[in-house]
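A.B. asks: Please find one structure pasted underneath; my questions will follow.
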Amino acid sequence: MGEFMTNKDQLIMGIETSCDETAVAIIKNGREIAANVVASQIESHKRFGGVVPEIASRHHVEQITIVLEEALNQANISYEDLSAIAVTEGPGLVGALLVGVNAAKAVAFAHGIPLVGVHHIAGHIYANRLVTEMTFPLLSLVVSGGHTELVYMKEHGHFEVIGETRDDAAGEAYDKVARTLNLPYPGGPHIDRLAQEGEPSISLPRAWLEEGSYDFSFSGLKSAVINTVHNAEQRGEKIKPEDLAASFQQSVIDVLVTKTSKAAKEYNIKQVLLAGGVAANKGLRKALQEEFIKLPECELVIPPLSLCTDNAAMIAAAGSVLFEKGIQSTMALNANPGLDITIHN
Amino acid sequence: MKLLSIDTSNYALGVAILDGDQVIGEYITNIKKNHSVRVMPAIETLMKDCDMKPSDLSKIVVAEGPGSYTGVRIGVTIAKTLAWTLNIPLTGVSSLEVLAASAGRYFEGVISPIFDARRGQIYTGLYQFHEGKLITKNKDQLILSKYWAAELKERSEKVLFIGNDLLLHKETFEGINGTQAVFAEITEHNPRPAELALLGRDKEVEDIHSFVPNYIRLAEAEANWIKANKEKIRK
Ligand SMILES: [Zn+2]
Numbered sequence: 000m001g002e003f004m005t006n007k008d009q010l011i012m013g014i015e016t017s018c019d020e021t022a023v024a025i026i027k028n029g030r031e032i033a034a035n036v037v038a039s040q041i042e043s044h045k046r047f048g049g050v051v052p053e054i055a056s057r058h059h060v061e062q063i064t065i066v067l068e069e070a071l072n073q074a075n076i077s078y079e080d081l082s083a084i085a086v087t088e089g090p091g092l093v094g095a096l097l098v099g100v101n102a103a104k105a106v107a108f109a110h111g112i113p114l115v116g117v118h119h120i121a122g123h124i125y126a127n128r129l130v131t132e133m134t135f136p137l138l139s140l141v142v143s144g145g146h147t148e149l150v151y152m153k154e155h156g157h158f159e160v161i162g163e164t165r166d167d168a169a170g171e172a173y174d175k176v177a178r179t180l181n182l183p184y185p186g187g188p189h190i191d192r193l194a195q196e197g198e199p200s201i202s203l204p205r206a207w208l209e210e211g212s213y214d215f216s217f218s219g220l221k222s223a224v225i226n227t228v229h230n231a232e233q234r235g236e237k238i239k240p241e242d243l244a245a246s247f248q249q250s251v252i253d254v255l256v257t258k259t260s261k262a263a264k265e266y267n268i269k270q271v272l273l274a275g276g277v278a279a280n281k282g283l284r285k286a287l288q289e290e291f292i293k294l295p296e297c298e299l300v301i302p303p304l305s306l307c308t309d310n311a312a313m314i315a316a317a318g319s320v321l322f323e324k325g326i327q328s329t330m331a332l333n334a335n336p337g338l339d340i341t342i343h344n
Numbered sequence: 000m001k002l003l004s005i006d007t008s009n010y011a012l013g014v015a016i017l018d019g020d021q022v023i024g025e026y027i028t029n030i031k032k033n034h035s036v037r038v039m040p041a042i043e044t045l046m047k048d049c050d051m052k053p054s055d056l057s058k059i060v061v062a063e064g065p066g067s068y069t070g071v072r073i074g075v076t077i078a079k080t081l082a083w084t085l086n087i088p089l090t091g092v093s094s095l096e097v098l099a100a101s102a103g104r105y106f107e108g109v110i111s112p113i114f115d116a117r118r119g120q121i122y123t124g125l126y127q128f129h130e131g132k133l134i135t136k137n138k139d140q141l142i143l144s145k146y147w148a149a150e151l152k153e154r155s156e157k158v159l160f161i162g163n164d165l166l167l168h169k170e171t172f173e174g175i176n177g178t179q180a181v182f183a184e185i186t187e188h189n190p191r192p193a194e195l196a197l198l199g200r201d202k203e204v205e206d207i208h209s210f211v212p213n214y215i216r217l218a219e220a221e222a223n224w225i226k227a228n229k230e231k232i233r234k
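As given, the protein sequences belong to chains A and B, one line each in that order. Sequential numbering from 0 applies to the first sequence in numbering that gives the first Met the number 0. Sequential numbering from 0 applies to the second sequence in numbering that gives the first Met the number 0.
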């Protein structure tokens, strides 16, 4: 055991392979990063214009032990020091998840370490605990390539989805609009950059859905963008891509921020956490900051960019609280691509 | 010297422990059930029954493919992670070689292990026992079973066909090869993890970090991409 640790320190190893990042991290006492290693495959998938599941799975097998070793070296610990191993069991690409789950089981079995299966979104939410302590009740706005959700938490491990997308995730809409504008994959950051240079001058719809609903819908907006481009082409007009990006982004952000703020008031929320890959979006960050300045009793937490995208530190952070609640998985743990987030009491 | 062997490359799931010159435990099932859920519990149970701890292991041997991409990946991921984390050597053995060794030891001709690869295709190779050692005569490949039958006919040697997927291709081999073809009994179609352990015992050790399955095939997207780029270059 390293000198800097006492016997009481809880050390959790996190493993995350749900999409195109092979990641391993080690977290001390639920909040301190001792190691955080991410091997990204994005360069390999760029030529296909998106993540190819079979190729992602193959890369994970190539990377997994290398990333494990680097994490242990970074934290300067050995297996005997670990309290538990947390791994993403879903949702995600099944073939990709399987590599992480089976590697986690192998390490847990080899050294007799408890194993904890973690929901990927719980991980994204807990990335925030690596920045600041959680204050309940809290509300998390989760926005990523596959998710747009509002999650209410009255205590640790209590994940209650109060709103979710009925069609496309916000990140998906970003990718499709980026393709319409001929922007390279992944499109999100390019739209965000263009939007900073343009004016939201083009009128686009906002799907508020029925009164009181915290659900989202982005497919209508996506279609409106595509139609706008096609109609302009037919008329021989040229739309400034910067303006279209700005208008699209404004429409997405309006809905996200308004619903988050409304839910925060209704549920007497003390803390709002931004989570998921789209949390890297500058426009969204800025709009949330401007909105929550008006709600001083509610703290807004936005994790640094490196913790917004997929990583294993967030999985270890979520695993830490689940482990303390006594939640453990067996050697029969499986990858579950459609796993629902649950309330752990 | 205690070896753990793992084979999840096809439907059959196999785990065995070889202790020196004795097979002390072997577990095989051939059911259409998820390897990811079952293989670690199988290893756990077998080792417990054999009174062994993970730290007692001195080598891991894994069936490296060909087979189901996902299946092979589960076995290889577990094997390389176990070997790396326990700091013991890892050896990979062809899944077809394991199947050949499972039934052909006392057969006088050549052995053709078969895994179905869909659309009339098979994964196969050609093996032969020579003075107790299994020799690879033709390396593992993906081929249409009718082409393979024609190729074997030209060799005019006796061929032993093995594998649970044989049923799908039996007619092709019977029709073309006539009396040349010998078919293994149903009790011999499951690849034996004990044979895997024995094959791996004396084989060279792999570099754990860079060890990957032998998929034989490129991922479809990769193959298409390469094809499209070649066409681009030609233009
Ligand atoms: Zn994610």
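Every residue gets a Cβ at the ideal spot worked out from N, C-alpha and C, and that includes glycine.
1. Could you confirm whether any beta carbon from chain B is found closer than 7 Å to the beta carbon of glycine 94/A?
2. Under 8 Å between beta-carbons, which chain A residues line up against alanine 218/B? List them in chain order, please.
3. Could you give the distance in angstroms between the alpha-carbon of valine 160/A and the alpha-carbon of valine 141/A?
4. Mind checking if lysine 79/B is an interface residue toward chain A, Cβ cutoff 7 Å exclusive?
5. When the Cα of proline 185/A is compared with those of Arg46/A, Val300/A, Asp214/A, which residue comes out closest?
6. Using a C-beta to C-beta distance shorter than 7 Å, which residues of chain A count as neighbours of threonine 69/B?
7. Collect the residues with a C-beta less than 5 Å away from any heavy atom of ligand 1 and give them in sequence order along the chain.
8. Go ahead and pull the three-state DSSP assignment for glutamate 159/A.
9. So which residues on chain B does arginine 234/A lean against when the C-beta distance must stay under 7 Å?
10. Can a CB atom of chain B be found closer than 7 Å to the CB of isoleucine 76/A?
11. Inspect the beta-carbon positions of arginine 30/A and arginine 128/A and report whether they are closer than 7 Å.
12. Which residue spans inside the stretch 258–315 of chain A form an unbroken alpha helix (DSSP H) run of at least 4?
13. In angstroms with no decimal places, state the Cα-to-Cα distance between phenylalanine 217/A and alanine 206/A.
14. Using a Cβ-Cβ cut-off of 7 Å, state whether isoleucine 112/A counts as contacting chain B.
15. By Cβ distance below 6 Å, which residues in the same chain neighbour aspartate 339/A in space, the five residues on each side in sequence not counted?
16. Assuming alanine 103/A contacts alanine 317/A (C-beta within less than 8 Å), just tell me the rounded distance between them.
17. In angstroms with no decimal places, state the Cα-to-Cα distance between lysine 202/B and asparagine 101/A.
18. Do you know offhand how far asparagine 9/B's Cα is from aspartate 55/B's?
19. Between which two residues does the beta strand (DSSP E) carrying glycine 162/B extend?
20. With phenylalanine 182/B as the anchor, note down where its beta strand (DSSP E) starts and where it stops.
21. Return the CA-CA distance between glutamate 194/B and serine 4/B, expressed in angstroms with no decimal places.
22. Can you tell me whether glycine 94/A is buried or exposed? The criterion is at least 16 other CB atoms within 10 Å of its CB, across all chains shown.
23. Does the contact criterion of 3 or more C-beta pairs under 8 Å hold for the stretch 150–165 of chain A versus the stretch 290–303 of chain A?
24. On the criterion of 16 or more Cβ atoms from any shown chain inside 10 Å, does histidine 229/A qualify as buried, or is it exposed?
25. Roughly how many angstroms lie between the CA atoms of glutamate 96/B and tyrosine 126/B, to the nearest whole one?
26. So, under 8 Å CB-CB, glycine 111/A and serine 328/A are touching, yes? Tell me the CB distance rounded to an integer number of Å.
27. What separation, rounded to the nearest whole angstrom, lies between the Cα atoms of aspartate 174/A and isoleucine 30/B?
28. What residue from Glu205/B, Arg216/B, Thr69/B has the CA that sits closest to threonine 90/B's CA?
29. Taking CB distances under 7 Å as the criterion, tell me whether proline 88/B reaches chain A.
30. Taking the continuous alpha helix (DSSP H) assigned at valine 98/A, which residues delimit it?
31. So, for leucine 220/A: in the same chain, excluding its five sequence neighbours on each side, which residues have a beta-carbon less than 8 Å away from its beta-carbon?
32. Any beta carbon from chain A within less than 7 Å of glutamate 43/B's own beta carbon?
33. Would a C-beta distance cut-off of 7 Å place isoleucine 77/B and alanine 105/A closer than the cut-off?
34. Rounding to the nearest angstrom, what Cα-Cα distance links glycine 19/B and arginine 200/B in this structure?
35. With distances taken between CB atoms, is the gap from proline 40/B to aspartate 139/B smaller than 7 Å?
36. For alanine 34/A, which residues does DSSP report across the bridge?
C.D. replies: Reading from the atomic positions:
1. yes
2. Val51, Glu53, Ile54, Arg57
3. 10 Å
4. yes
5. Arg46/A
6. Gly94, Leu97
7. Ser143/A, Asp309/A
8. strand
9. In chain order: nothing, as chain B lies at least about 33 Å away.
10. no
11. yes
12. 281–291, 304–307
13. 7 Å
14. no
15. none
16. Going by Cβ atoms, the distance from alanine 103/A to alanine 317/A rounds to 14 Å, so no, they are not a contact pair.
17. 25 Å
18. 28 Å
19. No beta strand (DSSP E) holds glycine 162/B; DSSP gives it neither H nor E.
20. 180–182
21. 9 Å
22. buried
23. no
24. exposed
25. 7 Å
26. With 8 Å as the limit, glycine 111/A and serine 328/A do not qualify as a contact, their Cβ atoms being about 14 Å apart.
27. 41 Å
28. Glu205/B
29. no
30. 93–110
31. Ala172, Leu203, Pro204, Arg205, Ala206, Phe247, Ser250, Val251
32. yes
33. yes
34. 9 Å
35. no
36. Ile25/A
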